[in-house]
Structure formats: structure tokens, C-alpha cells
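Below: the structure, in C-alpha cells.
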Amino acid sequence: MKAYEPLVEKYSRQADYYDRRWNLRWGEATLRAAVEAAPWDELNRVLDVGCGTGTLEQAVSLRLRPAHTLVGVDIALPMLQLAQKKLELSPRICWANSPAEQLPFRDGSFDGLVCNNSFHYYRSALPVLREFHRVLRPGGTLILADWCYDFLTPKLSYWLLRLAHHAYIHRYALSHVYGLNEFKGLLAGAGFRIASAERVKMDLGWGIMVFRALA
3 MKAYEPLVEK YSRQADYYDR RWNLRWGEAT LRAAVEAAPW DELNRVLDVG
53 CGTGTLEQAV SLRLRPAHTL VGVDIALPML QLAQKKLELS PRICWANSPA
103 EQLPFRDGSF DGLVCNNSFH YYRSALPVLR EFHRVLRPGG TLILADWCYD
153 FLTPKLSYWL LRLAHHAYIH RYALSHVYGL NEFKGLLAGA GFRIASAERV
203 KMDLGWGIMV FRALA
């Protein structure tokens with residue numbers, strides 16, 4: 003999608019060193035929250051949207067059963083290529099190059115969908131959430147962990163990045179940060195029933211929101 007071209011260019015350039023640069027404690031905490039929120043024993047076919055370099059796939063690869071299939075989706079092909087290289091010996095994991103708004107899967111294809119630390123990139127929330135709902139089977143589980151606007155540091159980061167000298171890129175790379183109650187309304191508008199919603203506080207005023215919702 004043309005609107006995401008600056009984002010794709012940015013993360014394509016960063017692919018080779020992305021893990022070293024961005025594997026910070028906040029990223030690890032968000033990943034841990036997403037992994038712990040997902041009912042892995044109840045899910046056979048799971049989609050990871052915005053998978054980047056495959057950090058979630060690495061985190062859960064050892065707990066995948068023979069019946070499991072995990073599909074990682076990302077819009078930046080070099081990030082996917084690195085993920086595939088890191089996990090080339092994991093036969094139950096595969097990859098797809100696609101924007102979140104146009105997932106290349108049939109209706110009801112997945113039992114679960116994880117969106118970890120990438121939702122703030124998307125230009126418009128409802129089309130993405132409706133696409134998530136479409137590819138989940140009835141009763142399928144959405145796990146979403148992302149920045150939370152209810153905490154001071156994500157709020158300041160959001161506005162500072164928009165005011166930064168390289169703001170042209172960040173208008174695309176940081177489209178919106180949501181508060182917990184605002185996001186509850188978006189999920190309901192996309193047809194989801196919220197099973198759990200929580201704010202998780204970290205240090206330095208940082209915090210995330212973690213949702214588990216049913217299609």
C-alpha cells in the first residue's frame with residue numbers, strides 16, 4: 003500500500019540490525035505479555051500480524067505441537083526474510099508478505115491472531131481490526147499488546163516523534179497510540195467481545211495495554 007512506503011523503506015533498511023537495536027526491556031516485556039496472554043493449548047492455527055524479524059515465533063517455537071501452524075505476516079520483506087532465516091528449521095512456522103488491512107487468507111482461517119507491539123503503526127484502526135475479525139473463526143482469539151496512551155511516556159513519545167526533525171517518517175511509523183477505554187470501543191465496533199483488558203505498567207512512566215478478545 004502506497005501510504006506505507008516510507009515505513010517499508012525504513013524497516014527494510016533496519017532489518018539487518020533491528021534485533022540488536024530494538025531488543026530492549028520494553029520490547030521484551032511487551033512480547034512476554036503477548037505470549038503469556040495467548041491460550042496456546044487451545045489454538046492450532048495462529049496468525050502473527052506485524053511479526054517483524056520473528057521474535058514471537060522464536061519465543062513460542064518450542065511450545066508448538068505437531069498440530070500447530072504459526073504464520074508470521076509483515077509488510078517489510080527484508081524483515082520477513084530475516085525471520086525465515088532465523089527459523090528455517092521450524093517446519094510449523096511459515097511467512098507471508100502483506101499489509102494488515104489486506105491479509106491474504108480466507109475468512110475464518112485461524113483460531114488465534116496475535117498483534118504484538120505493531121498496532122500503533124496502522125493508519126486506521128477499524129479496517130485493521132475488521133480484517134483481524136474476518137480471518138478469525140467464530141470464537142477465535144485475538145491477543146493484542148501495544149503502547150498505551152494512558153501512561154505518560156508513550157504519550158510524550160508519540161508527540162515528540164511527530165515533532166522530531168525526521169517527522170515525515172514517523173507520521174507513518176507511529177500513526178496513533180490508544181488508551182485502554184478508547185481501544186475497547188474500537189474492538190467492539192469491529193465485532194469483538196472483550197474477554198480481558200489490562201494496563202501493564204513498566205518503569206520510567208512506560209506502559210502497555212494487553213487485550214484478549216473473541217471474534
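Just so we're aligned: the sequence shown equals residues 3 to 217 in this note's numbering.
Glycine residues also receive a C-beta, built at the ideal position from the N, C-alpha and C atoms.
Remember, it's a predicted structure, so these values are computed and weren't measured experimentally.
Comparing alpha-carbon positions, which option in the options lies nearest residue i?
i    : options                  : result
N183 : Y151, W161, T155 and Y13 : Y151
S14  : L45, I77, K4 and G110    : I77
P80  : L158, K12 and G181       : K12
P41  : S177, G142 and S126      : G142
A217 : G207, L189, S92 and D205 : L189
V73  : C96, A17 and V62         : C96
F4   : R125, G207, V202 and D43 : The amino acid at residue 4 is misidentified as Phe; the sequence shows Lys. Ranking the options by Cα distance to K4, first place goes to R125.
Y133 : S92, R94, G193 and L82   : At residue 133 the sequence reads Glu, which differs from the Tyr that was named. The shortest C-alpha separation from E133 is found at G193.
G181 : D205, L154 and M204      : L154
Just to confirm my understanding: we take residue i, look at its own chain, exclude 5 residues before and 5 after, and list those with CB closer than 6 angstroms. What are they?
i    : result
S1   : Since the first residue of the chain shown is 3 and the last is 217, residue 1 is not available in this structure.
Y174 : A caution first: Y174 carries a pLDDT of 47, below 50, which makes its placement in the model unreliable, though a value can still be read off. Once the five neighbours on either side are set aside, the close Cβ partners of Y174 are P8 and L9.
V179 : H122, W149, Y151, P156 and Y160
Y170 : With a pLDDT of 48 at Y170, under the threshold of 50, the modelled position of that residue is not reliable, and no figure is offered here.
S111 : V137
E200 : V212
What would DSSP say about residue i, mapped onto helix, strand or coil?
i    : result
R47  : strand
G142 : strand
E184 : helix
G207 : coil
S198 : strand
R22  : helix
G74  : strand
A39  : helix
F213 : strand
A192 : coil
P106 : coil
I171 : With a pLDDT of only 45 at I171, under 50, the local geometry of the prediction cannot be trusted, and the value read off the model is given with reservation. Note: I171 maps to helix in three-state DSSP.
Between which two residues does the alpha helix (DSSP H) containing residue i stretch?
i    : result
L1   : The shown model of the chain, from 3 to 217, leaves out residue 1, and the question about it has no answer.
C58  : A quick correction: the sequence has Leu, not Cys, at residue 58. Per DSSP, L58 belongs to the alpha helix (DSSP H) from T57 to V62.
V10  : E7 to Q16
L128 : A127 to V137
Whose C-beta lies closer than 7 angstroms to the C-beta of residue i among residues of the same chain, with five residues either side of it excluded?
i    : result
A69  : N46
K186 : I196 and A199
Would you mind reading off the limits of the beta strand (DSSP E) that contains residue i?
i    : result
L66  : That residue, L66, is in no beta strand (DSSP E); it is neither H nor E in DSSP.
A98  : I95 to N99
N118 : F112 to N118
Which same chain residues end up closer than 8 angstroms to residue i when comparing Cβ atoms and leaving out the 5 residues on each side of it in sequence?
i    : result
G191 : L128 and L131
Original post:
For the 8 angstroms Cβ check, are there 3 or more pairs between the region 144 to 152 and the region 32 to 39?
Top reply: With the cut-off at 8 angstroms, the region 144 to 152 and the region 32 to 39 touch.
Original post:
Do the region 111 to 121 and the region 44 to 53 touch if we need at least three Cβ pairs shorter than 8 angstroms?
Top reply: As far as the Cβ criterion goes, the region 111 to 121 touches the region 44 to 53, which means the pair count is three or higher.
Subject >> Three CB pairs or more closer than 8 angstroms across the region 51 to 67 and the region 81 to 95 >> reply: The region 51 to 67 and the region 81 to 95 touch, with no fewer than 3 CB-CB distances between them shorter than 8 angstroms.
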